[in-house]
Every structure is written in structure tokens, then in C-alpha cells.
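Number of protein chains: 2
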Amino acid sequence: MATAEPKTPPPAPSKLRADARRNRDKLVEVAAAAFAEKGVETSLEDIARQAGVGIGTLYRHFPTREHLVEVIYRRELESLAGAATELAEKHPPDVALEEWMRRFVGYIATKRGMANSLKILMNSNSTLFAEGFGNIRSAFERLVWAAGEKGLIRTDIDTADLLQALSSIYSMPDSPDWRERSHRLIGLLMDGLRARK
Amino acid sequence: MATAEPKTPPPAPSKLRADARRNRDKLVEVAAAAFAEKGVETSLEDIARQAGVGIGTLYRHFPTREHLVEVIYRRELESLAGAATELAEKHPPDVALEEWMRRFVGYIATKRGMANSLKILMNSNSTLFAEGFGNIRSAFERLVWAAGEKGLIRTDIDTADLLQALSSIYSMPDSPDWRERSHRLIGLLMDGLRARK
DNA sequence: CGCACAAACGGAGGCGCCTCCGTTTAACTA
DNA sequence: TAGTTAAACGGAGGCGCCTCCGTTTGTGCG
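Here it is in C-alpha cells:
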């Protein structure tokens, strides 16, 4: 009988009054930090408080928790894809690739425990994900290709395999030395990639 | 970081003090009715109130909402399987079969909207389901077999197919005439079963 | 400017979740 | 029957969710 209701979609992005825009941006910023630090279960009232707005304002901008999560998720995905271009400009291709992979695992590390919310989103809005993941994949492929082009890494590898290997870090139990472990793994992969076949 | 915690399992069934046993039984009874009528989202405080116990008592017996749902779910599954035997004793095999199918459909109708809670349960406790469904399947097979034995229905049908057909009612949109529709469908299936090949 | 008014704000209030702990009571013993 | 005690009770209280609506404010217009 009572299945999940669609609710009204998040408000159209443009044509907001100046104060509304300001508050919305502030909320997004605070929420991103809060989710990263304390997980998606963070109290929305806390987020509103930290953003210096009333709880009503938060709910007007993001009618459900999932709407907010979606916006943050999307933003991070975009910034990750964008980082590829930026890194490619500032570093040699292989270094750019390695650094990007580190950021990638850092990103998915954040998403542990978010699994539930993400699943709900995936069902209700699967285009978002196709799109987001597509951007990530092509950003990654550009980096790999550039490094291969310069002869810095081998060219006979399947980028999908590589991405899968990185994603599998998701299932590593979280321990204090988590970051080191993942960096070692990435180092290992890079050595493999640099090895002449 | 913050994934779903296991919590302590539901308290062992036996060796309860008399009052505890009474309260537990009453809670189960009330909860079954409430879930059936208003869905799994029903307020637990309401259930406690209706059962005439404090909310603390409810939580002592069922540390999480899922624990309570599981107990109800299991109970209903058992009673459905048990009904097969009972019906078989009181009616001709084909009538017993038809009536049982109606009950089956009525049962799964209750579970709409419960999907979420059930999924959580399935992940955490999959043996429960294997067991429960196994009982249902064999109860159903007994009925079909008995009717076939007496020559009341054909014997060349696959019970799994039939059960699947019944389950598919799950995806029928809920409308006021839902029950009639499902009964008509069952009638149709029965006619098919009775038809000499 | 100053005005009008829709847009946006914000927080009180109602509800449900869950925990904690002082009080009650069933059950066992002498 | 009275006494003891561990088991069980229950509800107050703290927190978070979300809605509703009276108040404030940005914006466009004369």
C-alpha cells in the first residue's frame, strides 16, 4: 500500500532570489563536509544549523534527504572527473594517473555506509548514475591513454579491469591504516603498468 | 563507516517469566493486525499502546523494528503452510487447492510496501527465507498432488510455474477491485487445471 | 526613492524512535 | 505466609524528522 512516494523534484536551479541562492550554496557546502566527516546519517538539523539557516529552509531546497544526498553525490562525481583534466595539465601523464587513482579511492572510501541511500537513488534515478559513471570512466580513459601515448605505461591493458580493481577497495575492511594500504595497492598497479611487457 | 549494526539477536524463546510471555504474545498479535492493516510503517508506539504495554517492553522483546517484522513474517508463513493441511482435511482436494491459492494471494498482498524491510531481512538472515519458502512450496505441492491423484486436475503441470503465476499478482497495481481480479485469475487457473488435456 | 507583493525564511510543534533507569512483580525459598 | 531477588515493566526524556504558517526580505515598478 504505502510505497515510496516520488515527492516533488528538487527545485529548478536557476531563477532563484539572491538570498535563496546563497543559502542553497551554503547548505550544499556544509552538507558535503558533514557527509564526508560523519556519514550520510548526519542530522539534517545539524547541517541547517551549521549553515546558519532554519530547518525549514533546508527542507524547502531539498524536500527529502535523498535529494540532498543526490546533489552532493553528483557534485563530487563531477569534481572528480574535472580533476583529471587539471592533473593532466600539471603533471607528467603517469604521475597524473597515479594521483587521480588515489583521489578515486579516496572518493569511494567516503561512500562506505552510504550504500543504502545510494541504492534508493539508483532505483529512482538511474540516468544520473549512468551519466556520472560515464564521466568518470572517460576521464580515467583519457589519463590512461595519455600516459600510454607517451610510452610511460603499457598500452595493452583494459581500463575497465583497472577501474574494477580500484573499486574493489570498497570492500576492504576499514582499519586505521586504510589509506596506506590503498596507496600501496595503487603503487603496485602503477609498477605493473610501467613494466615493459 | 556506519553500516547497519547487527544488534543483539531476539531473546531466546523459552524460559520467560509468565508476564513476559503474555506481553510478548500480545505484542505479536497486535503487531500482526497492525502491519496487515496499516503496513510495516505503523508506529511502534501505537502497537505498544494497543497491546497495553510500555514502549520499553516492546523494545526489550524486539530490539529493532526488523526483529518484530521478522517474527510476524515467519508466523504468517507458517500459518499459511499449516492451512494447507487443514484445508485438505475439510474439503475435496481441488476446492482445498483453490482456497489455499486465494489465501496465498491474500498473504502476498499484505507484503506490498514491505519490500524494503524484507530486503534488509533477506540480507541479514537468508536461511529464514529459504526455510519459509520451502515450507510453502511443499505445502502447495502436496495440495496439487492430492488433487491430481483423485483425477480432479491434470497432472502434467509444473508447480513452480503455478506458484510463479500466483506470485505475479504481486505486481498488479492496487485498485479497489483488487481482490475480485485476483480471484478471477485463480478461477481461470483452476479451469485450466481441471480441463482434460 | 518608496511601494507592493511574491518569494523566501525560520522555528515551533507534533510525532516517532529509542534509551535509560527507578519501580513493580513473578518465582523461588525458608 | 513472608522475605528476597532477579527479571520485567513502563514511561519520561532526548533527539531527529518534517510540516505549517506567521514574518521578513529581495525585486521590479512607478
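Top line first, the protein sequences correspond to chains C and Z.
The opening position of the first sequence corresponds to residue 150 in our numbering, with each subsequent residue numbered one higher.
The opening position of the second sequence corresponds to residue 150 in our numbering, with each subsequent residue numbered one higher.
Yeah, the Cβ is synthetic: ideal placement off N, Cα and C, and Gly gets one too.
CA-to-CA distance, residue j to residue i, given in whole angstroms
i, j, result
"Arg286(Z)", "Glu329(C)", "51 Å"
"Ile221(Z)", "Ser317(C)", "37 Å"
"Phe253(Z)", "Phe282(Z)", "12 Å"
"Glu235(Z)", "Arg224(Z)", "16 Å"
"Trp294(C)", "Ala180(C)", "35 Å"
"Ala200(Z)", "Tyr256(Z)", "23 Å"
"Val189(C)", "Ala167(Z)", "43 Å"
"Leu246(Z)", "Thr259(Z)", "20 Å"
"Leu165(Z)", "Leu315(Z)", "40 Å"
"Glu215(C)", "Val177(C)", "13 Å"
"Phe278(Z)", "Leu337(Z)", "29 Å"
"Gly205(C)", "Lys187(C)", "22 Å"
"Ala288(C)", "Trp249(C)", "10 Å"
"Ala197(C)", "Leu207(C)", "6 Å"
"Leu311(C)", "Pro212(C)", "38 Å"
"Gly203(C)", "Glu194(Z)", "29 Å"
"Arg171(Z)", "Glu280(Z)", "27 Å"
"Glu298(Z)", "Val244(Z)", "14 Å"
"Gln313(C)", "Thr304(Z)", "50 Å"
"Asp340(Z)", "Gly300(Z)", "14 Å"
"Ala169(C)", "Gly231(C)", "27 Å"
"His210(Z)", "Leu342(C)", "57 Å"
"Ala185(C)", "Ser163(Z)", "45 Å"
"Trp327(C)", "Arg333(C)", "10 Å"
"Thr152(C)", "Lys175(Z)", "In this prediction, Thr152(C) scores a pLDDT of 40, lower than 50, which makes its location untrustworthy; the coordinate-derived value is nonetheless stated afterwards. Cα-Cα distance, rounded: 28 Å."
"Lys239(Z)", "Glu290(Z)", "18 Å"
Start-to-end residues for the alpha helix (DSSP H) that takes in residue i
i, result
"Val179(Z)", "167–187"
"Thr234(Z)", "214–239"
"Arg330(Z)", "327–343"
"Gly255(C)", "242–259"
"Glu194(Z)", "193–200"
"Ser317(Z)", "Unbroken run through Ser317(Z): none, as it is neither H nor E."
"Ile302(Z)", "Premise fails: Ile302(Z) is in no alpha helix (DSSP H) and is neither H nor E."
"Gly205(Z)", "204–210"
For residue j and residue i, believed in contact at Cβ under 8 Å, the rounded distance
i, j, result
"Leu292(Z)", "Pro325(Z)", "In fact, because the Cβ distance is near 30 Å, the residues do not count as touching under 8 Å."
"Ala296(Z)", "Ile302(Z)", "5 Å"
"Arg251(C)", "Ile306(C)", "So it is not a contact: roughly 18 Å between Cβ atoms."
"Leu226(C)", "Asn284(C)", "7 Å"
Burial state of residue i, where buried means 16 or more other Cβ atoms lie within 10 Å
i, result
"Ser331(Z)", "buried"
"Ala183(C)", "buried"
"Thr191(C)", "buried"
"Leu229(C)", "buried"
"Arg173(Z)", "buried"
"Glu219(Z)", "buried"
"Ala237(Z)", "buried"
"Ala233(Z)", "buried"
"Ala344(C)", "exposed"
"Glu154(Z)", "Reliability of the predicted coordinates at Glu154(Z) is poor, the pLDDT of 47 falling under 50, and no value is obtained from them."
"Met150(Z)", "For Met150(Z), the predicted structure reports a pLDDT of 42, less than 50, and the residue's modelled location is therefore unreliable. A value from the coordinates is still provided. Result: exposed."
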